[in-house]
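Protein chains in written order, with the numbering used here: chain A, 25 to 135; chain B, 262 to 375.
From the three backbone atoms N, C-alpha and C, an ideal C-beta is built for every residue, glycine too.
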C-alpha cells in the first residue's frame, strides 16, 4: 500500500474550518484514501474515505486532487471536541488484511 | 451490542504474569483485528481474524503473544510472562466484511506491566 505523509501537528481556531493535508504521491489506481481520528483515551474512529471524487458526510469533506497524489480533510466548523490525532491511510479496495496507521496529525482546536 | 467492547479497561500486571484481554466485536462482524499502541505512537497491527480463522499474525511481537477467536465472535489476546515493554494500549476493531476498510474500534485495554 502507498505511504502517506502528514504534518506532525496543526492548530485551528474554534468555529473555523480545519484543513488537514495528506500526501500520497505513490498511490495506485485501485487504492482508496481513508481518514480516521483518535480522540484522547479512545480508539480510532472512521471519518470518511474516497477513491477519486470528492466526498462529504456528516463529519467532514474529503477533497482529492485530480492526480490523486494528495488529499485534504476538511472539518468545516471545528469545535473543541475535534481535538484529536487524524490519520490518513491508503488502502487497496476489495483486499483483505489490516490498516497501517502512521503517526498522523495532532490537531489542536483552540478557543 | 452497539459497539466494540473491550475488557478490562485497565490491567496492571507484575512482570512475569500472564494476562488475557477480551474483545466483543459488533454482532455479525466477520473480521476482527488487534492492534498495540505505545504512548505517543499510532496503532501497530498485531493480528487479524476472518470468522474463526486467524489469517495474519505477522504483527505479534513474540511467541508470548497468542490470540484466538474460537467461535468467530469474541476474541481473546493472551500475553504470557509479561515484560515491561508489553505496556501499551491494546485495541480491538471489527469490520462487517470484505470491501471497504471501515473499522470500528473499542476503547482499548491499557496494560501496565510493573
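Neighbouring residues, chain B, relative to residue i (Cβ below 7 Å)
i	result
residue 27(A)	Simply none; closest approach about 13 Å.
residue 61(A)	Here the premise fails: no neighbours, minimum Cβ distance about 11 Å.
residue 115(A)	362
residue 121(A)	309 and 317
residue 137(A)	The shown model of chain A, from 25 to 135, leaves out residue 137(A), and the question about it has no answer.
residue 134(A)	The contacting residues do not exist; residue 134(A) stays about 21 Å from chain B at best.
residue 128(A)	303
Partner residues on chain A for residue i, Cβ-Cβ distance less than 7 Å
i	result
residue 369(B)	67
residue 363(B)	70
Residue burial classification, residue i (beta-carbon count within 10 angstroms, cutoff 16)
i	result
residue 106(A)	buried
residue 370(B)	buried
residue 70(A)	buried
residue 89(A)	exposed
residue 113(A)	buried
residue 307(B)	buried
residue 299(B)	exposed
Residue i: contacting residues in chain A (beta-carbon distance under 8 Å)
i	result
residue 352(B)	67 and 68
Sub-8 Å separation of residue i and residue j beta-carbons
i	j	result
residue 377(B)	residue 327(B)	Nothing about residue 377(B) can be reported from this structure: the residues present for chain B run from 262 to 375 only.
residue 87(A)	residue 81(A)	no
residue 323(B)	residue 66(A)	no
residue 279(B)	residue 340(B)	yes
residue 60(A)	residue 111(A)	yes
residue 93(A)	residue 49(A)	yes
residue 42(A)	residue 99(A)	yes
residue 372(B)	residue 351(B)	yes
residue 289(B)	residue 336(B)	no
residue 45(A)	residue 103(A)	no
Inter-residue CB distance, residue i and residue j (contact presumed, cutoff 8 Å)
i	j	result
residue 355(B)	residue 282(B)	The pair is not a contact, with the Cβ atoms about 15 Å apart (cut-off 8 Å).
residue 32(A)	residue 47(A)	Not really, about 13 Å apart at Cβ, beyond 8 Å.
residue 303(B)	residue 130(A)	With 8 Å as the limit, residue 303(B) and residue 130(A) do not qualify as a contact, their Cβ atoms being about 11 Å apart.
Cross-chain neighbours of residue i in chain B, by beta carbon under 8 Å
i	result
residue 124(A)	306
residue 111(A)	303
Amino acids of chain B, ordered along the chain, whose beta-carbon sits closer than 9 Å to that of residue i
i	result
residue 73(A)	361, 362 and 363
residue 76(A)	None at all; the shortest Cβ gap to chain B is about 15 Å.
Within 8 Å of chain A by C-beta, residues of the segment 297–308 of chain B in sequence order: 302, 303, 304, 305 and 306
Residues of the segment 304–333 of chain B whose Cβ lies closer than 8 Å to any Cβ of chain A, in chain order: 304, 305, 306, 309, 311, 316, 317 and 320
Near-chain B residues of the segment 82–104 of chain A (beta-carbon distance less than 8 Å), N- to C-terminal order: none
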